[in-house]
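Student: In this note's numbering, the protein residues as written are 1034 to 1219. Ideal placement from N, C-alpha and C gives every residue a C-beta, glycine not left out. Before anything else, here's the structure in question.
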């Protein structure tokens, strides 16, 4: 096209799951000084009905076995994490949570209306090193994808990984110099 030409983008969502997708349209002209120009494209595939969405979609719990092998009264660890029950579709969506695990002490609240933060409290016992899992079921009478499982993955280890950044702050001094006014530093 030429100067001041309208461009129409058409998206084919056949086979795409519900969610957000990102891409880029690149516009170039060999005579333009700012060529190429990149335009961000955000596509959301949604439903006009409620859809259960859980954030995070998998919950990871690392159990430090050094702490569970203390004297008997201290051998049970209590840990917690938050999940968020969202409606990825439209309309109002109520939900109910259920689980059948001895490791999940409580879910607060057990039911509600999306969006809602839920506190998951764990009671972690001594176990052999390795991996295990539980399932929390999220149900909604309105959602088209009900029920949805939330997998809780446990990793039992004597050597849990710890992230320790050093340094914890990075400082940069950038000069435009020869790169030009529109240069974006890495």
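If you reduce the DSSP assignment to three classes, tell me which class residue 1075 lands in.
Tutor: Three-state result, residue 1075: strand.
Student: Please name the residue, chosen from 1034, 1058 and 1037, that lies closest to residue 1044 on a Cα-to-Cα basis.
Tutor: Closest by alpha carbon: 1058.
Student: DSSP three-state label for residue 1157, please.
Tutor: strand
Student: Would you identify the three-state DSSP class for residue 1099, choosing helix, strand or coil?
Tutor: Correct three-state label for residue 1099: helix.
Student: CA-CA distance, residue 1072 and residue 1199?
Tutor: Their backbone Cα atoms lie some 36 Å apart in a straight line.
Student: Residue 1057 by DSSP, collapsed to three states: which one?
Tutor: In the three-state reduction of the DSSP assignment, residue 1057 falls in the strand class, which pools E and B.
Student: Rounding to the nearest angstrom, what Cα-Cα distance links residue 1060 and residue 1052 in this structure?
Tutor: 26 Å
Student: Between residue 1141 and the rest of its own chain, which residues show a CB-CB distance below 6 Å, the 5 nearest in sequence each way excluded?
Tutor: 1152
Student: Applying the criterion that 16 or more other CB atoms from any shown protein chain within 10 Å of the CB defines a buried residue, is residue 1166 buried or exposed?
Tutor: exposed
Student: State the DSSP-derived secondary structure class of residue 1149, mapped to helix, strand or coil.
Tutor: It is a strand residue.
Student: Who are the Cβ neighbours of residue 1123 in its own chain at under 6 Å, not counting the five residues just before and after it?
Tutor: 1081
Student: Let me check one thing: in DSSP terms, what residues is residue 1171 bridge-paired to?
Tutor: 1130 and 1181
Student: Could you tell me the distance, in whole angstroms, from the CA atom of residue 1176 to the CA atom of residue 1154?
Tutor: 26 Å
Student: Alpha carbons only, please: which of 1046, 1062 and 1063 is nearest the one belonging to residue 1055?
Tutor: The candidate whose alpha carbon is nearest that of residue 1055 is 1046.
Student: Distance cutoff 7 Å, beta carbons only. Does residue 1205 sit that close to anything in chain C?
Tutor: Within the model displayed, chain C is absent; a lone protein chain is all it includes.
Student: Go through its chain and collect everything with a Cβ distance to residue 1148's Cβ below 8 Å, but skip five positions before and after it.
Tutor: 1117, 1118, 1119 and 1120
Student: Does the distance from the CB of residue 1191 to the CB of residue 1098 come in under 7 Å?
Tutor: Taking 7 Å as the Cβ cut-off, residue 1191 and residue 1098 qualify as a contacting pair.
Student: In the DSSP assignment, what residue or residues form a beta bridge with residue 1190?
Tutor: Residue 1190 pairs with 1097.
Student: Measuring only the C-alpha atoms, how far is residue 1133 from residue 1083?
Tutor: Linking residue 1133 to residue 1083 through their CA atoms gives a straight-line distance of about 26 Å.
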